[in-house]
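Heads up: take any position in the sequence shown, counting from 1, add 133, and you land on the numbering used here.
Just so it is clear, CB atoms sit at the ideal spot from N, CA and C, and this is done for glycine as well.
Computed from a predicted structure; not experimentally measured.
This report refers to the structure that appears directly beneath it.
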Amino acid sequence: MSQVVSSTSLAPNADLKAVLTAAREARIEQHWDCEEIGSCVAFFFCTRGGVREMVSIEMCPPPAIGKSW
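In structure tokens form, the structure reads like this:
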């Protein structure tokens, strides 16, 4: 089941590719195995200890943390 683990608001006109790349690099530093970010997408998947998560940039706010997506 998909649940929101964390959420961060972005400033207007934020560099979305830079934000997503920084999020991926931070996950890698925390010992997550992260897939590459595709050229036409705003998400990536990562795994660690049997847990698989999707990190994405969405146009609208997600549900509250812990709620189903």
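query                                                                                                            : result
Close-in-space but distant-in-sequence residues of the same chain around L180 (CB under 6 Å, 5 per side omitted) : Checking the sequence, you will find Thr at residue 180 rather than Leu. For T180, where only same-chain residues beyond five positions count, the Cβ hits under 6 Å are D166.
Helix, strand or coil at T141 [DSSP, three-state]                                                                : coil
Check whether L143 and I170 have beta carbons under 7 Å apart                                                    : no
Local conformation of V188 per DSSP, three classes                                                               : strand
Expected contact under 8 Å - CB spacing of V188 and A151 to nearest Å                                            : Actually they are not in contact, since the Cβ atoms of V188 and A151 sit about 14 Å apart, beyond 8 Å.
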